[in-house]
Amino acid sequence: YRMWGADVIGMTLIPEAILARELEICYLPITTITDYDVWAEKPVTAEEVVKTLRANVEKVNKLLREVIPKIPSERNCVCSRASKEALV
1 YRMWGADVIG
11 MTLIPEAILA
21 RELEICYLPI
31 TTITDYDVWA
41 EKPVTAEEVV
51 KTLRANVEKV
61 NKLLREVIPK
71 IPSERNCVCS
81 RASKEALV
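In UniProt numbering, the protein residues as written are 1 to 88.
Below is the structure:
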């Protein structure tokens with residue numbers, strides 16, 4: 001992320017991604033930022049975090065309305081056959 005000039009602070013998704021692959025679950029996490037205070041001059045208030053969270057909910061709902069209809073009814077992806085193609 002530093003090569004892009006970005007800063008990432010937050011929860012990791014690695015354990016969930018690994019477990020999803022082991023269980024052959026198609027997994028696409030949607031993450032949002034709710035607290036920008038790390039580089040702000042003053043601490044962020046709970047009210048500001050809730051305001052950002054509400055705006056993110058609207059964005060995620062829009063994203064889901066656009067993406068869900070595009071999910072194929074039959075799985076033909078690497079996720080669905082991960083254990084068959086795994087290197088042991």
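Built from N, CA and C at the ideal position, the CB exists for glycine as well.
Because the structure is a prediction, the values reported are computed rather than measured.
When the beta-carbon positions are compared, Thr31 and Leu53 stay at least 8 Å from each other.
Looking from the CA of Leu87, the closest CA among Ala17, Lys59, Leu13 and Glu22 belongs to Glu22. Spanning the alpha carbons of Ile71 and Lys42 requires a straight line of approximately 43 Å. Cβ-Cβ distances below 7 Å link Ala17 to Tyr27 in the same chain, with the five nearest sequence neighbours on each side left out; the list follows chain order. Beyond the five residues adjoining it in sequence on each side, Leu13 comes within less than 8 Å, by CB distance, of Pro29 and Thr31 in the same chain, given in chain order.
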